[in-house]
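Asker: The structure follows.
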Amino acid sequence: MGTKPQPGKIATFGVRFETHDHFLVEYTDHLRGGCLVLPGVKTLSKGQPVRIKLSLPNRGVLYLTGLSLGPDHPDAEGKGTLVRLSALTDEQKRVMELCVSAVIGTGDTAPTTSSKPIEVLLVEDSDNIRAELTQALTQRGLKVRVAENGLVAISSALKAEPDVILTDVEMPVMDGWTLLRMARSRKRLSHLPIVFLTSLSDEMSRLQGYRMGVDDYLPKKLPPDEIVARLQGVLRRQRKAGSDEAKVASAASGLRGDLRHVGLGSVLSFLEAEKKTGDLRVENGSDHAVLRIVHGFLRDVNPLGKCAEHQDRVFELLGWKGGQFEFVSLPEGQEVDHGPLKPTPMTYLLMEFARREDEASAGRGS
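Residue numbers for the sequence shown, in the numbering used here: 64 to 429.
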């Protein structure tokens, strides 16, 4: 594994966990404490900078840096050299946590596909951007096919399905929106995750994309490591969602997305304007809630968490800066449990939340 370090250069190594069990041992022994053992490496001196490509058993790849603590460190237990890792980014922490969750949820009882690289269909009209992204993703272990517009992408996907489509939005011949509609309307392609690589910033455009079936939005200037991590997250959510039929049914009856891209206030405004009936689930990793919506009005929130009143819980949720949302419409004709609340307009809740935020800001400024 890796290469022998040369004087004056950062030592570069690769560490691969073939099974979840191997990862679990190293995670509990070292990774969760910010360290990593380079197996069999005895040539690194203490304090030498190190760069590591860490291949996880769920196909995740992390590019880490750190400093050698030397081959004689007692925590290495004679197995190699212990490295003190630099602080992980939030995205790297999330990728690591996903792998831990996979260990807890599935173990290695089923065959894994860790040896199969993720196949990405990259759709981008700029020759330079297409070439740069292809090189960056390929270097990180992904298999990349390219298309210069949505029409070519649809044809390519019909010939051989990729694992995920990563597409620009504004393109000649066929743009990303039309590509999305065509893919979602075709049974052979409707299950494929589609990620927009875009500079779209207004929430209503992003909400429209989620409504049409976009799986995620990535800023065009996002570092390649984070692009890979986000694509892995999309595929993980797809596997968690279950069968293709369940995914298509869910997309047809509701919408889901990332609260970093579309604020909860915009989601509630949309549900009110469309007079939707169903359940809106929001979660941020440490907390969750389900809001019962009936004809666009709030009728229940559960659980209340530490709040005594339903409205206070909604105000707390509106303050979240990130997380996931998913709205599932109730089938037509199904008897609806309206919940304990009188119909509460979303507009009132949003205006009251804004008023409270203004008062809090004024209080902090005085």
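C-beta atoms are modelled at their ideal positions from N, C-alpha and C, and glycine is treated no differently.
Across the region 344–360 and the region 291–299, are there enough close Cβ pairs to call them in contact, namely three or more that are closer than 8 Å?
Answerer: With the cut-off at 8 Å, the region 344–360 and the region 291–299 do not touch.
Asker: Please report the distance separating the alpha-carbon of R157 from that of Y273.
Answerer: Here residue 157 refers to the residue found at position 94 of the sequence shown. Here residue 273 refers to the residue found at position 210 of the sequence shown. In a straight line, the C-alpha of R157 is about 22 Å away from that of Y273.
Asker: May I ask you to list the residues that DSSP assigns as paired with N212?
Answerer: Along the sequence shown, one-based indexing puts residue 212 at 149. N212 is not bridged to any residue.
Asker: Based on DSSP bridge pairs, tell me the residues matched to P102.
Answerer: Position 39 of the sequence shown holds residue 102. DSSP, once it has assigned bridges, lists G143 as partnering P102.
Asker: Determine the DSSP secondary structure at I181, reduced to helix, strand or coil.
Answerer: Counting from 1 along the sequence shown, the entry for residue 181 is found at position 118. Correct three-state label for I181: coil.
Asker: So, are the CB atoms of T144 and K105 less than 9 Å apart?
Answerer: As a working mapping, residue 144 is identified with position 81 in the sequence shown. As a working mapping, residue 105 is identified with position 42 in the sequence shown. Their beta carbons are under 9 Å apart, which means T144 touches K105 by this criterion.
Asker: If you count every other CB in all the chains shown that lies within 10 Å of the CB of G123, and 16 or more means buried, which is it?
Answerer: Here residue 123 refers to the residue found at position 60 of the sequence shown. By the neighbour-count rule (16 or more Cβ atoms within 10 Å), G123 is buried.
Asker: Go through its chain and collect everything with a Cβ distance to S262's Cβ below 8 Å, but skip five positions before and after it.
Answerer: The residue you call residue 262 lines up with position 199 of the sequence shown. Cβ neighbours of S262 beyond the five flanking positions: P282, K283.
Asker: Distance, Cα to Cα, L260 vs R244?
Answerer: For the purposes of this step, residue 260 is taken as residue 197 along the sequence shown, with counting starting at 1. For the purposes of this step, residue 244 is taken as residue 181 along the sequence shown, with counting starting at 1. The alpha-carbon atoms of L260 and R244 are separated by roughly 16 Å.
Asker: Beta-carbon within less than 7 Å of P403's beta-carbon, same chain only, minus the 5 sequence neighbours each way: which residues are those?
Answerer: Looking up residue 403 in the sequence shown gives position 340. Answer for P403: D363, listed in chain order.
Asker: Counting only runs of 4+ residues fully inside the region 309–353, write out the alpha helix (DSSP H) ranges in chain order.
Answerer: The qualifying runs are 327–336.
Asker: Taking buried to mean at least 16 other C-beta atoms within 10 Å of its own C-beta, is L185 buried or exposed?
Answerer: Position 122 of the sequence shown, counting from 1, holds the residue named residue 185. So L185 ends up on the buried side.
Asker: Based on DSSP bridge pairs, tell me the residues matched to R247.
Answerer: Position 184 of the sequence shown, counted from the start, is the residue given in the question as residue 247. According to DSSP, which records beta bridges pairwise, R247 is partnered with nothing at all.
Asker: Rounded to whole angstroms, what's the CA-CA distance from M414 to F378? Just pull it up for me.
Answerer: For this step, residue 414 is matched to residue 351 along the sequence shown. For this step, residue 378 is matched to residue 315 along the sequence shown. So the two alpha carbons sit approximately 11 Å from each other.
Asker: State the DSSP-derived secondary structure class of T430, mapped to helix, strand or coil.
Answerer: Past the boundaries of the shown model lies residue 430; the chain is included only from 64 to 429, so the question cannot be answered.
Asker: Would you kindly work out how many angstroms separate the C-alpha atoms of R193 and R323, rounded to a whole number?
Answerer: Within the sequence shown, residue 193 is the residue found at index 130, counting from 1. Within the sequence shown, residue 323 is the residue found at index 260, counting from 1. Their Cα atoms are separated by approximately 26 Å.
Asker: So what does DSSP say about R95, is it helix, strand or coil?
Answerer: By 1-based counting over the sequence shown, the position of residue 95 is 32. Helix.
Asker: Quick one: is R95 buried, meaning 16 or more other Cβ sit within 10 Å of its Cβ, or exposed?
Answerer: Reading the sequence shown from its first residue, position 32 is the one you call residue 95. Exposed, because fewer than 16 other Cβ atoms sit within 10 Å of the Cβ of R95.
Asker: Measure the C-alpha to C-alpha separation of Q301 and D288 and round it to an integer number of angstroms.
Answerer: Stepping through the sequence shown from its first residue, residue 301 is reached at position 238. Stepping through the sequence shown from its first residue, residue 288 is reached at position 225. Answer to the nearest angstrom: the Cα atoms are 20 Å apart.
Asker: Beta-carbon within less than 6 Å of S149's beta-carbon, same chain only, minus the 5 sequence neighbours each way: which residues are those?
Answerer: On the sequence shown, position 86 is the one that residue 149 refers to. Once the five neighbours on either side are set aside, the close Cβ partners of S149 are T128, G129.
Asker: Is it buried or exposed, T452, if we count other Cβ atoms within 10 angstroms and call 16 or more buried?
Answerer: Given a span of 64 to 429 for the chain in the structure shown, any question on residue 452 remains unanswerable.
Asker: Over what stretch of residues does the alpha helix (DSSP H) that includes E379 continue unbroken?
Answerer: Here the question's residue 379 lines up with position 316 in the sequence shown. Unbroken alpha helix (DSSP H) run through E379: 373–381.
Asker: When the Cβ atoms of the region 321–337 are set against those of the region 350–363, are three or more pairs found closer than 8 Å?
Answerer: Counting Cβ pairs under 8 Å, three or more are found: they touch.
Asker: Quick check on T172: does DSSP put it in helix, strand or coil?
Answerer: Here residue 172 corresponds to residue number 109 of the sequence shown, with the count starting at 1. The predicted model places T172 with a pLDDT of 36, which falls under 50 and marks its position as unreliable; any figure quoted below should be read in that light. Reduced to three states, the DSSP call for T172 is coil.
Asker: Taking the alpha carbon of E337 as the reference point, which residue from F360, A417, V325 has its own alpha carbon closest?
Answerer: For the purposes of this step, residue 337 is identified with residue 274 of the sequence shown, where counting begins at 1. For the residues F360, A417, V325, the minimum Cα distance to E337 belongs to F360.
Asker: Quick check: the Cα distance between M234 and G213, rounded to an integer number of angstroms?
Answerer: Residue mapping note: residue 234 aligns to position 171 of the sequence shown, counting from 1. Residue mapping note: residue 213 aligns to position 150 of the sequence shown, counting from 1. About 8 Å.
Asker: Please go through the same chain and pick out, in chain order, the residues whose beta-carbon is closer than 7 Å to the beta-carbon of V209, but skip the five residues on each side of it.
Answerer: On the sequence shown, position 146 is the one that residue 209 refers to. Excluding residues within five positions, the ones whose Cβ falls inside 7 Å are L185, R193, T197.
Asker: When DSSP labels each residue in this structure, what does G272 get in the three-state scheme?
Answerer: Along the sequence shown, read from residue 1 onward, the residue named residue 272 stands at position 209. Residue state, collapsed to three classes: helix.
Asker: Tell me, which residues are paired with R418 by DSSP?
Answerer: Here the question's residue 418 lines up with position 355 in the sequence shown. The partner list for R418 (beta bridge, DSSP) is empty, contrary to what the question assumes.
Asker: Cutting at 8 Å between CB atoms, please list the residues of its own chain near S189, excluding the five before and the five after it.
Answerer: Numbered from its first residue, the sequence shown carries residue 189 at position 126. Answer for S189: D231, listed in chain order.
Asker: With distances taken between CB atoms, is the gap from R114 to I181 smaller than 9 Å?
Answerer: Mapped onto the sequence shown, residue 114 falls at position 51. Mapped onto the sequence shown, residue 181 falls at position 118. For R114 and I181, no; Cβs fall outside 9 Å.
Asker: Between which two residues does the beta strand (DSSP E) harbouring I115 extend?
Answerer: Walking along the sequence shown from the start, residue 115 turns up at place 52. Residues 112–118.
Asker: Does the distance from the CB of L99 to the CB of P134 come in under 9 Å?
Answerer: What you label residue 99 is simply residue 36 of the sequence shown in a count that begins at 1. What you label residue 134 is simply residue 71 of the sequence shown in a count that begins at 1. Going by C-beta atoms, L99 is not nearer than 9 Å to P134.
Asker: Assuming A199 is part of the alpha helix (DSSP H), what are its boundary residues?
Answerer: Taking the sequence shown and counting its residues from 1, one reaches residue 199 at position 136. Its alpha helix (DSSP H) spans residues 190–202.
Asker: Measure from the alpha carbon of L285 to the alpha carbon of each residue in L205, L200, D278, then state which is nearest.
Answerer: Locating residue 285 in the sequence shown gives position 222, where the first residue counts as 1. Closest by alpha carbon: L200.
Asker: In angstroms with no decimal places, state the Cα-to-Cα distance between R251 and A292.
Answerer: For this step, residue 251 is matched to residue 188 along the sequence shown. For this step, residue 292 is matched to residue 229 along the sequence shown. Straight-line Cα distance between these residues: approximately 26 Å.
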